[in-house]
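Taken in sequence, the protein lines are chains A and B.
The opening position of the first sequence corresponds to residue 1 in my numbering, with each subsequent residue numbered one higher.
The opening position of the second sequence corresponds to residue 1001 in my numbering, with each subsequent residue numbered one higher.
Every residue, glycine too, gets a C-beta built ideally from N, C-alpha and C.
Following: one structure in structure tokens, then a few remarks.
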Amino acid sequence: MDLRFTETQEILKKAARDFLATECPKTLIRELEQGEMGYCPELWKKMAELGWMGLIIPEEYEGIGYTFQDLAVLLEEIGRNILPGPLIATLTSAFAILEAGTEEQKKELLPKVAQGELILTTALLEGDGVFDASGIAVKAAPKGDKFLINGTKLFVEMAHVADYILCVARTKDGTPPEKGITLFLVDSTTPGISWEVIPTTAEDKLCEVRFEDVNVPGKNVLGKIDEGWPIVEMMLRKGAIAKCAESIGAIQTCVEMTVAYAKERVQYERPIGAFQALQHKMADMWTAMETSRYLVYEAAWMESEGLPCAKEASMAKAYVNEVYKNVSKWSVRLHGAIATSADHDIPLYYRRSKAADIAYGGTDFHREIVAQKIGLV
Amino acid sequence: MDFSLTEEQKARRREFYDTCKELDKKKPPSLVGFEAIYELDECWEYNLSCAREFAKRGWLALAWPPEYDGRGDMMDKVLFAEARGYYGIPGVDIFGVQMLAPTLLQAASEEINREFLPPIARGEVMWCELWSEPNAGSDLATLSATAVRKGDEYIINGQKTWNTGAHRADWGFGVFKTDPSARKHHNMTFILLDMKTAGITVRPIPYLDGSAPYCEVYFDDAHVPARNIVGQEHEGWAVVNLLAGFERSGINEIMSMLRGLEQLVAYCNQTKRHGQPLARNPLIRNRLAELACELEAARALAYRVADLQNRNEMSLMDASAGKIFFSELGERFAFLATDILGPYGQVRTSRWAPLNGVWEKMFHEHFITTISMGTNEIQRNIIAWYGLGLPRMR
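Laid out in structure tokens, this is it:
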């Protein structure tokens, strides 16, 4: 056991911190919220040059071949700066290609992902808003050597700029609902696809994506027909841990900003940080951060080692969801009225805590997985 | 970052678990909760027999240096605590083995170590702590019990309180004011004393559930050899701080809760309400899952603290955060479990008590972890002042 970062991780961390400090100011984040794209293509290109998109892609597909844990370390830094963009969406989809793709699919797509030339996203949720297979009603019907996709997906992360949409569709009415699910790599320029950005708490460009008689060639099926659900479970698991790692960084910024402000803001002729009512709240925020941190590191380590960790990943997500919302909420409260201003940075974090909570499964979804894994019948 | 154990560590952990599992079979049914070992004779006897079993294997001297027949390292100590916590096995004296021995190794003279360490390792001498006083609790440095030097003896007078198991202990370690004229923090000495010394009176304090884990101890001209001190004379505060830093991961308590969760899950699977298992109730599923998440978070942080201690590093903040978290998790757990049991949640150990009344007991005992070893409010001060650098209270 050695819970320190490796040397590689320390270097990665420092490089990311320095890079983001100059390249990702809060002014840019506000611009991206207001703008249509939701990410900055020039910055995306620089991130690719640093190797971030290729981090978890093996060298044979022109990536760097680092571990999942290394990715978690990078995402923590990204989370500190709440860098917007489709990084986790792209990488989670890339994991699906890596795990279930044909050699041809991998060779075609993964090097481009590593170069920052392809943005990927996954279309999972529908009108029901649930993360389990019972919510999948979008149909893909075979038609010759093609499939015809029809239906509407919701909350698809940055589909409006994605080159490929990984569409989770129903190819057979299944009992249980996990049966009959197939994944399709859909070129987003295919006729019949239309989208609309949904206004959200974090202005993070989640999209409604409509599929109307969208033709997808059979070679774009990812994995086995009717047996795609385990790939979705893998993406939800990896995505959940990745989102948690990002959240840990954001939580840390909230704690640091609050402590710094409490030392400098004077009321009753002393810094407000001298009052125990505030001190103990900050101690609780710090404690919540540290308990989250090692839970997430443990899940990331297990994922890296290829150990079964559905339980730990869900534990981490269910726990960190609540910690991020609460710590950022308390950051606003301890700052006082100033942090309710749209110009203040803390609300950027508070609003993202809700987005982070929902992404890759909310608290109750993951608690139900935990309930099953601890043996409740 | 690597959470894995080496093959050797895994083998030792298996040995710790196997031994504790065997001892569990001999455990008296009356041993419920933390403190029954101090209260009931059969439980105290069981505690002593476990201590002898562990002593035989050298497990009471884990992470000690070879010159005192030590074996293993800090990580072994943590794995051993895990196994004992999981099976609820006593036999490792919190005060002698966990707190005093590592303190002696760092701060005591060789003469003291040669005299006091071997009986601890053999599981023969049981200790108690003599720190708090009626008017010196969290603010321990304002203590008033005195030890006046007279030749080669100290004459001790005053009162100590909240002394766990003092009525069972053979020896006690405490801090006493030895130089009333010196400034705070430089006026007390850390003294080891035989609890059979004339002039010492021990009285159990009835705890809120009618049991008596704590005692108060009165000193009335008790004569103690002046050589029985740890650290420098008048510099006992430094020893107090040193001792408070040992064995803080809380892994023992966390594993005990983990076993408790397993038992509660089994209870919910087997017990029917409204014609179906309690486990099918979505509210119960959600609340138990929430607790399981928190428990895993506590465990991961405990490993962080253990990993640091194993490298002779110490994060005061993480140790305090861990203590706050696992002890308050104990409160939540006690409330949740007694909620789930419904009317049976109020039944004391008896034929009507599910799981032998352990949750009813926890409803009382959780205060012991939140209040002892530095109250959680003091732990929050530590994080705020020493960790976050916020201004200290004056």
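Check                                                                                                        : Outcome
Positions along the segment 262–277 of chain A whose CB lies within less than 8 Å of some CB in chain B      : ALA262, LYS263, ARG270, PRO271, GLY273, ALA274 and GLN276
Distance CB(GLY1387/B)-CB(TRP52/A) smaller than 8 Å                                                          : no
Inside the segment 24–66 of chain A only - alpha helix (DSSP H) runs reaching at least 4 residues            : 26–34 and 41–49
Assigned secondary structure, THR1103/B (DSSP; H/G/I helix, E/B strand, else coil)                           : helix
Identity of the residues DSSP links to GLY1174/B by a beta bridge                                            : LEU1130/B and ILE1191/B
Pair within 8 Å by beta-carbon distance, LEU75/A and GLU246/A                                                : yes
Delimiting residues of the alpha helix (DSSP H) encompassing ILE251/A                                        : 229–264
Range of the contiguous beta strand (DSSP E) that encloses GLY1158/B                                         : 1153–1164
Cβ of GLU298/A within 8 Å of any chain B Cβ                                                                  : yes
Extent of the continuous beta strand (DSSP E) to which ILE1200/B belongs                                     : 1200–1205
From ILE241/A, THR363/A, TYR261/A and GLY375/A, residue whose alpha carbon lies closest to that of ARG1259/B : GLY375/A
Spatially closest choice to VAL1217/B from ALA1169/B, LEU1295/B, ASP1076/B and LYS1010/B, by CA coordinates  : ALA1169/B
THR102/A (DSSP reduced to helix, strand or coil)                                                             : coil
Residues from the segment 243–260 of chain A in contact with chain B, defined by Cβ distance under 9 Å       : VAL255 and VAL259
Whole-number beta carbon distance between LEU109/A and LEU118/A, since they are thought to touch under 8 Å   : 6 Å
In DSSP terms, what VAL378/A is bridged to                                                                   : Given that chain A is displayed from residue 1 to residue 377, the structure contains no residue 378/A and the question cannot be resolved.
Boundaries (first-last residue) of the alpha helix (DSSP H) holding THR1019/B                                : 1007–1025
Contacts of TRP330/A in chain B (Cβ-Cβ under 9 Å)                                                            : Residues of chain B passing the Cβ test: none, with the nearest at roughly 14 Å.
Short CB-CB distance (under 8 Å) between GLU312/A and chain B                                                : yes
Element boundaries [alpha helix (DSSP H), containing VAL186/A]                                               : No alpha helix (DSSP H) holds VAL186/A; the beta strand (DSSP E) holding it covers 181–187.
Boundaries of the beta strand (DSSP E) in which ARG170/A is found, first to last residue                     : 164–170
Proximity of TRP1127/B and TRP1171/B at Cβ, strictly below 8 Å                                               : yes
Short-range partners of chain B found in the segment 104–126 of chain A, where Cβ spacing is below 8 Å       : none
Beta carbon proximity, LEU75/A to chain B, threshold 8 Å                                                     : no
Supposed contact pair ASN321/A and ALA288/A - C-beta distance, whole angstroms, cut 8 Å                      : So it is not a contact: roughly 12 Å between Cβ atoms.
ALA1337/B at chain A interface by Cβ criterion, 8 Å                                                          : no
Continuous alpha helix (DSSP H) stretch holding SER134/A: start and end                                      : Premise fails: SER134/A is in no alpha helix (DSSP H) and is neither H nor E.
Chain B residues whose Cβ lies nearer than 8 Å to that of ALA339/A                                           : Per Cβ cutoff of 8 Å: no residues; ALA339/A is ~18 Å from chain B at best.
Run of the alpha helix (DSSP H) containing LYS224/A, from where it starts to where it stops                  : Where LYS224/A is concerned, there is no enclosing alpha helix (DSSP H), given that its DSSP letter is neither H nor E.
Helix, strand or coil at LYS1272/B according to DSSP, with G and I counted as helix                          : strand
Cutoff 8 Å: VAL1265/B Cβ touching any chain A Cβ                                                             : yes
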